[in-house]
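Sequence order for the protein chains is A and B. So the number in the numbering used here is just where the residue sits in the first sequence, counting from 1, plus 4. So the number in the numbering used here is just where the residue sits in the second sequence, counting from 1, plus 1020. Ideal placement from N, C-alpha and C gives every residue a C-beta, glycine not left out. Here's the structure we're looking at; comments come further down.
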Amino acid sequence: GESVGLHLPTLSVQEGDNSIINCAYSNSASDYFIWYKQESGKGPQFIIDIRSNMDKRQGQRVTVLLNKTVKHLSLQIAATQPGDSAVYFCAENKGGSQGNLIFGKGTKLSVKP
Amino acid sequence: DVKVTQSSRYLVKRTGEKVFLECVQDMDHENMFWYRQDPGLGLRLIYFSYDVKMKEKGDIPEGYSVSREKKERFSLILESASTNQTSMYLCASSLGGSRADTQYFGPGTRLTVL
């Protein structure tokens, strides 16, 4: 979920388990959502996106689920690996303003070997 | 693959100096963005541009200016650096048009103002 204060929510999983990272978005008119992965000291990296006309989208080892009723987005990572350790954050479009996005503050995923 | 590059990974400047951060993208994207990222505050939009010579203020433009003379290049300028501008600066670009699209980020510049 979203961060509070200076501390990011942390999710700790065992290598090989599935991970689920959640995000609550703010704008019911948003029609485009993205998940990013950010490793320490690096820029955010695109993982997967979804438009509001879909409920689910799958990539390689990742699935994004969109529940528009409760304004909730989740990222599922299958068979989590140590290389998946990073901060993950969601973004939603700001609605008709040249592609501007609103970013969540992120969740830190730690994978234990 | 989209490639967004930033001129420096690390910069150390003194208070009052003029600082230039450069960003270049190679995918002919219309939109370019500058963010700063601070612990607990996430990504905050400083300025963005959706065309050459066009610029729009983001959420926190005070103390910054930008320049976009060429489509592929978007520069962030700190006219007189201050210690509260110590941060990670991230540049991004996206395809363009009114439809929201993925923003692709550069590696970031960690700026320290002493």
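The beta carbon of Leu79 (chain A) does not come within 8 Å of any beta carbon belonging to chain B, so the residue lies off that interface. The stretch 1075-1088 of chain B makes no contact with the stretch 105-113 of chain A, as fewer than three CB pairs between them are under 8 Å. Only buried fits Pro48 (chain A), as 16 or more other CB atoms lie within 10 angstroms of its CB. In this structure Tyr40 (chain A) does not touch Glu96 (chain A) by the C-beta definition: roughly 12 Å separates them, more than the 8 Å allowed. Residue state for Asp53 (chain A) is assigned as strand, using DSSP reduced to three classes. Against chain B, the beta carbon of Ile38 (chain A) has neighbours under 8 Å at Thr1122, Gln1123, listed in chain order.
Here Tyr1030 (chain B) is exposed, its C-beta having fewer than 16 other C-beta atoms within 10 Å. Between Arg65 (chain A) and Ile52 (chain A), the gap from beta carbon to beta carbon reaches 8 Å or more.
Bridge pairing for Leu1098 (chain B): B:Val1039, B:Tyr1084 [DSSP].
In the structure shown, the three-state DSSP call for Gln1026 (chain B) is strand.
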